[in-house]
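Protein chains in written order, with UniProt numbering: chain A, 1 to 229; chain B, 1 to 301. Yeah, the Cβ is synthetic: ideal placement off N, Cα and C, and Gly gets one too. Take a look at the structure set out below.
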């Protein structure tokens, strides 16, 4: 369960406008929630706050038993192990192969080698990359890189997968492949938070949509549609 | 725990191998830094040895009147030996001096002439060595004491004063400038090595960010970099020692021409393990500490 209570975020830059302004919402386990809005509406800020990359200026953020806004830098790694993150720019480790990128997420948590050897090929197979698991990121296409990133995000069975514009760099065909994967992950029992401004994706999903504008929630609907503001 | 440890080492070695040119460049700089440490040690040894030989050559001699009774001379010897600045006092009796001269001039006219004399013309002398070449002035002034005037013929300090003082100033300058040079060298080497590792780390900043996002703890992120630093240090230590071998062998005959008493080669060979130990220690410290500090910047949040 994820709860944002009256969360505001002001970046310490010259502008006085806030990136988030009194945002409150609640997400239940196993939900598939889309965050929609223009660039700068606050989608990425919500994600950064959730994974503790930024601290809120005001308000409380609850994730399961963690109160994220009160965590110390030392406690962050534990929180992040419950969340899998996928980015628009993939963020793979360039000097590690696809296999190593995925196994890294398990080694960090201290999984025994035997389980790593077992899980990693399974997950890479699930995202359709068993053929290319020993390729390095620069030898993979955009869609393939994003699938590695998804495999890495889900390998340790996190409660939540957060995807920040995961299809922003992909062609329509690969976009659907990625969205289908996310839906499959959601069906397996993981909460998925998807930040996007892809109208077709949102309309096709017909799941909960939170629409943001200038740091505020202007709409929060079950089975929402993409609407121009 | 053990698994984590092995994983850190595995990643450190992997980073080192896969970073290619970056690793090579860092390694070269570290090797240069460690080489300058090594040559500094050899330089200190050489100047030290040269100075000791020079200092060894300085002494003052006290010549006594031929009438001076031996027991008074020995008493003076004893009192000189009691001075804290005196290292050694050698007594050369009149008979010793005569024998010495005879031996040296067995076959020439001077030796013949000596035989014509009935009396031994040589005076007894004391050869005084100070612990520190700067203390000769003090010893000389002690010898000017009124009480000794009756038995002392002359003290060589007065003649050699200029040479001794000049030698002292040379010794001092070499010591001081050697130390300053060492300090400058060491600081430069540390800064350059540190900066290089910092740069290598900078090029890895995105990777560090990703590791954090995946939930890697600081230990897990930092570990491989520290391991990498240790690898740099170890390899650089070995390379600098290997590089030093031809340099020492080439320089050896030149140094021996100037100061015949010292052999760089035998110094290098007999102290090889000591030098290697220092190099490895410096290398590992430099590599690991630089990595450890440099990565702090990217671990925040």
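Contacts of residue i in chain A (Cβ-Cβ under 7 Å)
{"i": "residue 228 of chain B", "result": "Chain A residues near residue 228 of chain B: none, gap ~12 Å exceeds 7 Å."}
{"i": "residue 216 of chain B", "result": "77, 108"}
{"i": "residue 18 of chain B", "result": "95"}
{"i": "residue 297 of chain B", "result": "By Cβ distance, chain A contributes nothing, its closest Cβ being about 13 Å from residue 297 of chain B, past 7 Å."}
{"i": "residue 305 of chain B", "result": "Outside the modelled stretch of chain B, which goes from 1 to 301, sits residue 305 of chain B, for which no answer is possible."}
Same chain, Cβ closer than 6 Å to residue i, five either side skipped, listed in chain order
{"i": "residue 218 of chain A", "result": "211"}
{"i": "residue 225 of chain B", "result": "291, 295"}
{"i": "residue 124 of chain A", "result": "130, 133, 151"}
{"i": "residue 197 of chain B", "result": "290, 291, 294"}
{"i": "residue 57 of chain A", "result": "8, 9, 10"}
{"i": "residue 156 of chain B", "result": "60, 61"}
{"i": "residue 182 of chain A", "result": "192"}
{"i": "residue 84 of chain A", "result": "153, 154, 158, 161"}
{"i": "residue 164 of chain B", "result": "58, 136"}
DSSP-derived helix/strand/coil call for residue i
{"i": "residue 157 of chain A", "result": "coil"}
{"i": "residue 64 of chain B", "result": "strand"}
{"i": "residue 259 of chain B", "result": "coil"}
{"i": "residue 33 of chain B", "result": "helix"}
{"i": "residue 59 of chain A", "result": "strand"}
{"i": "residue 50 of chain B", "result": "helix"}
{"i": "residue 180 of chain B", "result": "helix"}
{"i": "residue 214 of chain B", "result": "coil"}
{"i": "residue 38 of chain A", "result": "coil"}
{"i": "residue 226 of chain A", "result": "coil"}
{"i": "residue 301 of chain B", "result": "Bear in mind that the predicted position of residue 301 of chain B carries a pLDDT of just 45, short of 50, making it unreliable; the figure below should be weighed with that in mind. Residue 301 of chain B falls in the coil class under three-state DSSP."}
{"i": "residue 71 of chain A", "result": "coil"}
{"i": "residue 195 of chain A", "result": "strand"}
{"i": "residue 150 of chain B", "result": "coil"}
{"i": "residue 270 of chain B", "result": "helix"}
{"i": "residue 383 of chain B", "result": "In the structure displayed, chain B extends from 1 to 301; residue 383 of chain B sits before or after that span and is not available."}
{"i": "residue 92 of chain B", "result": "strand"}
{"i": "residue 11 of chain A", "result": "coil"}
{"i": "residue 32 of chain A", "result": "strand"}
{"i": "residue 211 of chain A", "result": "strand"}
{"i": "residue 4 of chain A", "result": "strand"}
{"i": "residue 127 of chain A", "result": "coil"}
{"i": "residue 59 of chain B", "result": "coil"}
{"i": "residue 117 of chain A", "result": "helix"}
Listed by chain order, chain A residues near residue i by CB distance under 9 Å
{"i": "residue 240 of chain B", "result": "Chain A residues near residue 240 of chain B: none, gap ~28 Å exceeds 9 Å."}
Interface partners of residue i on chain B, CB under 8 Å
{"i": "residue 110 of chain A", "result": "3, 4"}
{"i": "residue 193 of chain A", "result": "The premise fails here: residue 193 of chain A is roughly 15 Å from chain B at the closest Cβ pair, so nothing lies under 8 Å."}
{"i": "residue 51 of chain A", "result": "213"}
{"i": "residue 113 of chain A", "result": "3"}
Where the beta strand (DSSP E) through residue i begins and ends
{"i": "residue 87 of chain A", "result": "83–87"}
{"i": "residue 220 of chain A", "result": "216–221"}
{"i": "residue 26 of chain A", "result": "20–27"}
{"i": "residue 129 of chain B", "result": "125–130"}
8 Å CB neighbourhood of residue i in its chain, flanking five on each side removed
{"i": "residue 301 of chain B", "result": "With a pLDDT of 45 at residue 301 of chain B, under the threshold of 50, the predicted position of this residue should be treated as unreliable, and no value is reported."}
{"i": "residue 247 of chain B", "result": "39"}
{"i": "residue 51 of chain B", "result": "171, 174, 175"}
{"i": "residue 102 of chain B", "result": "111, 114"}
{"i": "residue 127 of chain A", "result": "147, 148, 150, 151, 181"}
Partner residues on chain B for residue i, Cβ-Cβ distance less than 7 Å
{"i": "residue 46 of chain A", "result": "Chain B residues near residue 46 of chain A: none, gap ~16 Å exceeds 7 Å."}
The alpha helix (DSSP H) enclosing residue i, as first and last residue numbers
{"i": "residue 99 of chain A", "result": "98–109"}
{"i": "residue 109 of chain B", "result": "109–116"}
{"i": "residue 177 of chain A", "result": "172–187"}
{"i": "residue 71 of chain B", "result": "70–82"}
{"i": "residue 44 of chain A", "result": "43–50"}
{"i": "residue 16 of chain B", "result": "2–18"}
{"i": "residue 92 of chain A", "result": "Here residue 92 of chain A belongs to no alpha helix (DSSP H), and DSSP marks it neither H nor E."}
Chain-order list of residues whose beta-carbon lies under 7 Å from that of residue i (same chain, five-residue window excluded)
{"i": "residue 66 of chain A", "result": "79"}
{"i": "residue 55 of chain A", "result": "69"}
{"i": "residue 232 of chain B", "result": "26, 27, 30, 287"}
Interface residues of chain B facing residue i [CB-CB closer than 9 Å]
{"i": "residue 218 of chain A", "result": "Residues of chain B passing the Cβ test: none, with the nearest at roughly 29 Å."}
8 Å Cβ cut-off: residues of chain A touching residue i
{"i": "residue 210 of chain B", "result": "91, 92, 93"}
{"i": "residue 205 of chain B", "result": "None at all; the shortest Cβ gap to chain A is about 12 Å."}
{"i": "residue 15 of chain B", "result": "95"}
Beta-carbon neighbours of residue i, restricted to chain E and to distances below 9 Å
{"i": "residue 222 of chain B", "result": "Protein chains A and B are contained in the structure displayed, whereas chain E is not."}
The ligand SAH heavy atom lying under 6 Å from the CB of residue i
{"i": "residue 112 of chain B", "result": "As presented, the structure is devoid of all ligands, the ligand SAH included, so that no description of it is given."}
Positions along the segment 74–107 of chain A whose CB lies within less than 7 Å of some CB in chain B: 77, 80, 81, 85, 91, 93, 95, 104, 105, 107
Near-chain B residues of the segment 144–155 of chain A (beta-carbon distance less than 8 Å), N- to C-terminal order: 152
Residues in the segment 32–55 of chain B having any Cβ partner in chain A nearer than 9 Å: Of all residues in the segment 32–55 of chain B, none comes within less than 9 Å of chain A when Cβ atoms are compared.
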